[in-house]
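A.B. asks: Submitted below is the structure of interest, expressed as structure tokens.
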Amino acid sequence: MELQTFSSLHLRQRVHYGDGSQATQAHLEQPKVQAARPHRTMGTRLQLYNLKVEYRKGSDNPADYMSRHPVPAHAPTKNTCATKVAEAYVNFIIQNKTPKAMTLDETLKDETLQKHRVLQLAHEAHQGITKTKALLREKVWFPNIDRQAEAMVRNCLACQANTPETHNEPLQMSDLPDTVWQDVSADFYGPLPTGEHLRVIVDEYSRYPVVEVIHSTSANSVIPVMDKILSMLGIPRTVKTDNGPPFNGEQFSKFAVYMGFHHRKITPLWPQAKTTAERFMRTLGKCLRVAHMANIPWKQHLHTFLREYRATPHSTTTSPAELLKCRIHTKMPSVSTPLGPDEDLRRRDRKAKAKMKTYTDTRRHT
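Have a look at this one:
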């Protein structure tokens, strides 16, 4: 009744004058009852108009049709099969509208969001960093493309799980021998452009190098040069070499037995086992290349290099020439003569090797 009264008031306020002079009739669904206070208030406002209120049942009132005959929430359709087919077709189009590959038009439309998609397509075969970047360079380019490609490959779980990784062992630093020229490392440098080789021997204690020019690496050429060096500096306790000729031959083994030193061959394909000689070989190679660029006779420059190298202090803060002052060892056994209070020397050597070990292990991620 409240809604009907309000609708009558709204109608009269919107349309003040009706057609003709007869009173407007309002048909109500409910019989006359005592109205509440809000209804009486609206009735008072309706007294301004000439109204005739008449009761009529809802079934006979055309204005009440919509409330008595609402549309059902799920109205059945006449052709249910056709509707299902149409919906299935629309869903198929929506799910397959995005192609797996990319076209040039899509690349031109989006300059930022397509970058990640390009990287995904380049890494679809799960190739390594180098191959992925090579494929990208053949097709596209955008800023920081290499960095993003590397990050994608490193973060790819499938690649990380199926890529074998080899980590080097941490460095094992060796202690200094008891005295000078006790343990030495030997190697060859060359061949040089002249066809010659350099026979290199480095003392493990003092880092004192000896370099001799030889014309062949055969045992017949190496053994006389080796005998000459040992006659000047004495016979060491251990000679450390690789496994190449002539060190793997019978002649050199007999020479070691004859001279009385222990011939120690390092692990094959592991030159780090004699780092003292290998590190000097790198410096020696630089010296020879500088002589070639400066157009200086390389033998003359080699003597200059050896003289300065032997006089330069190394990590123990003492030069090789200063440490080499010792008693020459012969075939006859003798007691090792200490050089004096060398504890500071050993402490500095351990400190330098520990620093080198930390740096190398950090680079190797061990």
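In my numbering, the protein residues as written are 629 to 994. Using N, Cα and C, we set each Cβ at its ideal position, and we do this for glycine too.
1. Quick check on DSSP: helix, strand or coil for His751?
2. In the structure shown, what three-state DSSP assignment does Leu897 receive?
3. Would you report the Cα separation of Ser649 and Glu715, rounded to the nearest angstrom?
4. Take the Cβ of Arg827 as the centre, count every other Cβ of all protein chains shown within 10 Å, and call the residue buried at 16 or more, exposed below.
5. Can you check which of these residues, Ala982, Gln800, Asn923, Ala919, is closest to Thr944 by C-alpha distance?
6. Excluding the five sequence neighbours on either side, which residues of its own chain have a C-beta within less than 8 Å of the C-beta of Arg976, listed in chain order?
7. Only counting the same chain, and skipping five residues up and downstream in sequence, which positions put a Cβ closer than 8 Å to that of Lys856?
8. Which of helix, strand or coil does DSSP assign to Pro690?
9. So, does the stretch 983 to 993 touch the stretch 807 to 820, judging by three or more C-beta pairs under 8 Å?
10. Any idea if Ile829 is buried or exposed, counting beta-carbon neighbours within 10 angstroms, 16 or more meaning buried?
11. Could you give the DSSP three-state label for Ala814: helix, strand or coil?
12. Pick helix, strand or coil for Leu799, following the three-state DSSP scheme.
13. So what does DSSP say about Arg892, is it helix, strand or coil?
14. Between Arg835 and Val867, which are expected to be in contact by the criterion C-beta below 8 Å, what is the C-beta distance as a whole number of angstroms?
C.D. replies: Short version:
1. DSSP places His751 in coil when its eight states are reduced to three.
2. Coil.
3. Caution is warranted here: a pLDDT of 49 is assigned to Ser649, below 50, making its placement in the model unreliable, and the coordinate value is therefore given only provisionally. Straight through space, the alpha carbons of Glu715 and Ser649 are spaced by roughly 58 Å.
4. Only buried fits Arg827, as 16 or more other CB atoms lie within 10 angstroms of its CB.
5. Thr944 has its Cα closest to that of Ala982, out of Ala982, Gln800, Asn923, Ala919.
6. Closer than 8 Å at Cβ, skipping near neighbours: Ser943, Thr944, Thr945.
7. For Lys856, the CB contacts under 8 Å within the same chain, skipping 5 residues up- and downstream, are Glu840 in chain order.
8. In the structure shown, Pro690 falls within a helical segment according to DSSP collapsed to helix, strand and coil.
9. No: fewer than three Cβ pairs fall under 8 Å.
10. Buried: at least 16 other Cβ atoms inside 10 Å.
11. Ala814 sits in a strand when the DSSP states are folded into three classes.
12. Of the three classes helix, strand and coil, the one that applies to Leu799 here is coil, per DSSP.
13. Here Arg892 carries a strand assignment [DSSP, helix/strand/coil].
14. That belief does not hold up - the Cβ atoms of Arg835 and Val867 are roughly 16 Å apart, past 8 Å.
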